[in-house]
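Engineer: Sharing a structure here in structure tokens format.
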Amino acid sequence: MRLLRAAVIVLSVAVAVLLLVVRLAASGAWDRIDHRAAPRVTGADNLYFALNDMDAQAANLLLSSGGRGGLAPMPAQHAAAQRMYTASRHTISASLQTLAASAQGDRQATATVVGFDDDFARYQELVGRALENDLHPAEKSAALGDYRTATDLLRQSLLPAAQRLGQNNDGAFEDTYRGARSAADLQRVLLLVLGGCLLATLLLTQFHLTRRFRRLLSPALAAATTCAVVACALGWSVLAAQSHDLKVARRDAFDSVVALSQARAMSYDANADESRYLLDPGRRGTYEQSFEDTSQQLLTLPQATLGTYDARLAAALTAYRAHHADLRFTGYYGDEFRNITFPGERAAAEATVDAYAVYEQDDRKVRTLVRQGQFQQAVAFCVGWDKDASNYDFGQYDTALRKLIGINADAYTGAVAAGRGELTGRLAGAGAAVLAAAGLTVLALRPRLAEFR
């Protein structure tokens, strides 16, 4: 009986220690995910989209100032571009602070952020010089040259660096997720083994008391067995829930957040290419091709060109609405439509793609006006915010996209909160139950052991 008592105590302590390890490991994983991995990914994506918007607004400032290519000044559009330029610069500063804070202890990430900061300071200097030169009619060409140099720095250094930050940070998130899921699976196996041994030892103890002392049932030992069953069941349910919450947080929610945030960043890149296309006639072919390439990254329609993209997109959306499994597009939006999980997400995704289709049609109108020699009208339509202007439609598209991102971001936040909550609720109950099993076993055997004194 002393041997059985010792075995029950040791196994109970082992299960309790395992539950403590589960709590510490899971809590650490959630901390790494929520405080480091996720902020790094979203910070890099915010950096990418804000860089493109800042560059687009710099181009819009140069366009709306007038005096270039026969353009008349557009004061309202100029003021709007100035406000948005300042807002994007503030977003970049905030994103760099987030990335710097989350990179503490990671020398490579810190070095990347510092290098980026240096290049961004150079970029701001070039844009500032372009805007200053643009104030003088005789320096318009110099302003365009400075803007070209700034845009080249953006596209060749800043944007690739932001993209690498996003990819590396998302890879770190993936490693953390896989490690946490693997740990939960291993802990379930250990709980099954240790819990099974504990229950078997308790049943063996009850059997020994029945045979040796002819007691049909020891109430305290029966209660100990019940506590052990409850502890193992609670521990198992927590580990299963942790695995589920990790999947929801990463696969169902954050994978969509990543895809959609990248789509938003690339959308701002496309919008910037439109402004660059109007500002810099010498590079129109380059910027038009860049817009087409970006459109294909956002929503891939194989072999579509700018001339056929709208009709192909309309046909793909018609097929999808007839049967949701008939998805004829890939790209970032293809990834999202193949990962629709949460209430309201499908309707929000459809609204986003509908708004995207309208914005794509606006782009064709801009290029058509340019080809027809209506440059003033093309610029006014592209950089204006009136209801019938391209920027208005882009704003509607961005609003729909942010709503879609928000649905997945809220689901991610909910999964993280649920995962953390389980570590202080059911898991604490499981620990108390298994320790109670050990205590009840000691109480159950004390009278029998006293008979041998």
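For reference, each letter of the sequence shown is one residue, going 1 to 453 in the working numbering.
For each residue, glycine too, the CB sits at the ideal point set by N, CA and C.
The structure displayed is predicted, hence computed values, not measured ones.
1. Give the DSSP-derived three-state secondary structure of Thr210 in the structure shown.
2. Under the rule that 16 or more other beta-carbon atoms within 10 Å means buried, what is Gln108, buried or exposed?
3. Using the rule of at least 16 other Cβ atoms within 10 Å of the residue's Cβ for burial, across every protein chain shown, is Gln57 buried or exposed?
4. Ala349 and Asp45 - do their beta-carbons sit closer together than 7 Å?
5. Are the CB atoms of Asn408 and Val258 within a distance shorter than 7 Å?
6. Does the beta-carbon distance from Leu278 to Leu51 come in below 7 Å?
7. Return helix, strand or coil for Thr341, following the three-state DSSP convention.
8. Can you tell which of Glu174, Ala150 and Gly429 has its C-alpha closest to the C-alpha of Ala16?
9. How many angstroms separate the CA atom of Tyr356 from the CA atom of Gln372?
10. Excluding five sequence neighbours on each side, which residues of the same chain lie with their C-beta closer than 6 Å to the C-beta of Tyr268?
11. Would you report the Cα separation of Thr318 and Arg346, rounded to the nearest angstrom?
12. If you run the structure through DSSP and keep just helix, strand and coil, what is Thr205?
13. Roughly how many angstroms lie between the CA atoms of Leu198 and Leu192, to the nearest whole one?
14. Could you give the DSSP three-state label for Thr308: helix, strand or coil?
15. Starting from Val258, trace the alpha helix (DSSP H) both ways and give me its first and last residue.
16. Whole angstroms is fine: what's the gap from Ser218's alpha carbon to Ile9's?
17. For the pair the stretch 226-239 and the stretch 379-388, tell me if three or more CB-CB distances fall below 8 Å.
18. Can you list, in chain order, the residues of its chain with a C-beta nearer than 8 Å to that of Glu292? Leave out the 5 residues immediately preceding and following it.
19. Measure the beta-carbon distance from Leu423 to Ala26 and round it to whole angstroms, keeping in mind my assumption that it falls under 8 Å.
20. Within 10 angstroms of its Cβ, does Gly419 collect 16 or more other Cβ (buried), or is it exposed?
21. Looking only at C-alpha atoms, which of Ala7, Gly28, Arg5 and Ile33 sits nearest to Ala249?
22. Per DSSP, which one or two residues make a beta bridge with Thr458?
23. Less than 7 Å between C-beta atoms, sequence neighbours within five positions excluded: which residues of the same chain meet that for Ala378?
24. For a test of your reading of the model: does the CB of Trp385 fall under 6 Å from any non-hydrogen atom of the ligand MN? Yes or no.
25. Here's the rule I'm using: 16 or more other beta-carbon atoms within 10 Å means buried, otherwise exposed. How should Thr286 be labelled?
26. Counting only runs that start and end within the stretch 113-163, where is the alpha helix (DSSP H) found for 4 or more residues in a row?
27. Give the straight-line distance between the Cα atoms of Ala450 and Val442, rounded to the nearest whole angstrom.
28. What residue range is occupied by the uninterrupted alpha helix (DSSP H) comprising Gly419?
29. Just tell me which of Ala351, Leu427, Gly431 and Val383 has its CA closest to the CA of Asp398.
30. Ala180: which of Asn339, Cys232, Trp30 and Arg321 sits nearest, CA to CA?
31. Between the C-alpha atoms of Leu194 and Leu327, what's the straight-line distance to the nearest angstrom?
32. Would you decide whether Leu203 is buried or exposed? Buried here means 16 or more other CB atoms lie within 10 Å of its CB.
33. Determine, using beta carbons only, whether Asp146 and Arg129 come nearer to each other than 7 Å.
34. What do you reckon, are the CB atoms on Asp393 and Asp362 nearer than 7 Å?
35. Check each candidate in Ala200, Lys247, Glu360 and Thr205 and name the one with the smallest Cα separation from Val416.
Structural biologist: Quick answer:
1. helix
2. exposed
3. buried
4. no
5. no
6. Here Leu278 is not near Leu51, since their CB atoms are 7 Å or more apart.
7. coil
8. Gly429
9. Distance between the alpha carbons of Tyr356 and Gln372: 25 Å.
10. Phe49, Asn52 and Asp53
11. 15 Å
12. helix
13. 10 Å
14. coil
15. Asp255 to Leu279
16. 17 Å
17. no
18. Thr305, Leu306 and Tyr309
19. 6 Å
20. buried
21. Ile33
22. As displayed, the chain neither begins before 1 nor continues past 453, which places residue 458 out of reach and without an answer.
23. Leu278, Val366, Leu369 and Val370
24. The model depicted lacks the ligand MN and carries no ligand whatsoever.
25. Thr286 should be labelled exposed.
26. 140-153
27. Residue confidence is low: Ala450 scores 49 on pLDDT, short of 50, so the model does not pin down where it sits. No coordinate-derived value is stated.
28. Ser390 to Thr424
29. Ala351
30. Trp30
31. In a straight line, the C-alpha of Leu194 is about 48 Å away from that of Leu327.
32. exposed
33. yes
34. yes
35. Lys247
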